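Enquirer: Counted the way our numbering counts, the sequence shown spans residues 13 to 127. Cβ atoms here follow ideal geometry from the backbone N, Cα and C, with glycine treated the same way. All figures in this text were calculated on a predicted structure; none of them were measured in a lab. I am attaching a structure below and will ask some questions about it afterwards.
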Amino acid sequence: QAHWLMTGSKFRCLTRVLFGGYVFGDQGIFVRRDILQQSGGVPKVPLMEEFELCKALRYHGRIALADSTIITSSRRFFANGVLKTYVLMGRLILLYQLGYSTESLAKSYSKLKSR
């Protein structure tokens, strides 16, 4: 059952893709093999690998959205509190965009309980 704060998640994801050109891994990223190889593959970083991948893929064309639905688990949100999780994830994205290392961000992210 969705928490009221999570009902806008689909809209937030859509705006992030359309205006920022970024997707998260749990949104399902499909890339042709040749384009993935040309872009250097999935970066080997501890966190934000999908953001790094999206940056590299920009040089090969636009991100398209499939007219499909992917269902992912909300357990991390409920284990840590929905608002607290959104705030932490927003903070991590901001710090990433400000140039903080993915290693330091991964330490903060690891503090979230995973059940």
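Indicate the three-state DSSP secondary structure (helix, strand or coil) for M101 in the structure shown.
Expert: If DSSP states are grouped into helix, strand and coil, M101 belongs with the helices.
Enquirer: Do I47 and L69 come within 8 Å of each other at the CB atom, strictly closer than that value?
Expert: The answer is yes: Cβ separation under 8 Å.
Enquirer: Are there three or more Cβ pairs, one per stretch, closer than 8 Å when the stretch 107-124 is compared with the stretch 36-45?
Expert: Verdict: no, contact absent.
Enquirer: In whole angstroms, give me the CA-to-CA distance for R127 and T84.
Expert: With a pLDDT of 49 at R127, under the threshold of 50, the modelled position of this residue cannot be trusted, and the question is left open.
Enquirer: Just checking, does the stretch 56-65 make contact with the stretch 113-124 on the three C-beta pairs under 8 Å criterion?
Expert: Yes: the two stretches touch, three or more of their Cβ pairs being nearer than 8 Å.
Enquirer: Considering only the alpha carbon of each residue, which of C66, I82, S122, L65 lies closest to N140?
Expert: In the structure displayed, the chain extends from 13 to 127; residue 140 sits before or after that span and is not available.
Enquirer: Which residue from Y98, D79, T81 puts its Cα closest to that of R88?
Expert: Of the candidates Y98, D79, T81, the one whose C-alpha sits nearest the C-alpha of R88 is Y98.
Enquirer: From this set, L17, L104, L124, which residue's C-alpha is nearest F63's C-alpha?
Expert: Cα-wise, what sits closest to F63 is L104.
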